[in-house]
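**Q** Okay, handing you the structure first.
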Amino acid sequence: MRKNHKHVQYNCKYFDFMVLPELGITKLDKEKNQCVREKTGAQNTAQEIKHYQKKWLRHVQRLETNRIPKQALQYKPKGRRNVGQPRKS
64 MRKNHKHVQY NCKYFDFMVL PELGITKLDK EKNQCVREKT GAQNTAQEIK HYQKKWLRHV
124 QRLETNRIPK QALQYKPKGR RNVGQPRKS
């Protein structure tokens, strides 16, 4: 990702009003997001989030079993929940 376009990933409004005109693109051009990302060097935020989630999961799996994050990840609730909407009291 290029340094001068790091903001593209986080703020969509800034992207629309500041970066698109720099590239000579208007909203009427109907440019695909993927094409704009390729031109700016920005990354897909959803893919980056999935990458960090996988990274965190591998990290937690390496932890010892007595650590809270690993216990929370491996927790299996016992019993069953009541069916339907909670009662009003």
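The numbering of the sequence shown is the working numbering, which starts it at 64 and goes up by one. Cβ coordinates follow ideal geometry from the N, Cα and C atoms, glycine included.
Find out if the Cβ-Cβ distance for the pair Leu126, Lys133 is shorter than 8 Å.
**A** Yes, Cβ-Cβ distance for Leu126 and Lys133 is below 8 Å.
**Q** Taking just the CA atoms, how far does Ala135 sit from Ala105?
**A** The straight-line gap from Cα to Cα measures roughly 34 Å.
**Q** Leaving out five residues on either side along the sequence, give the residues of the same chain with a beta carbon under 6 Å from the beta carbon of Gly142.
**A** There are no such residues.
**Q** With 16 other CB atoms within 10 Å as the buried threshold, where does Lys66 fall?
**A** Because the pLDDT at Lys66 is just 46, under 50, the model does not fix this residue reliably, and the value given afterwards should be weighed accordingly. When all chains shown are included, Lys66 counts as exposed.
**Q** Do you know how far the Cα of Val123 is from the Cα of Ile88?
**A** Their backbone Cα atoms lie some 43 Å apart in a straight line.
**Q** If contacts are defined as beta-carbon pairs under 8 Å, then Leu86 and Lys102 qualify, I think. What distance do you get, rounded to the angstrom?
**A** That belief holds up - the Cβ atoms of Leu86 and Lys102 are roughly 6 Å apart, short of 8 Å.
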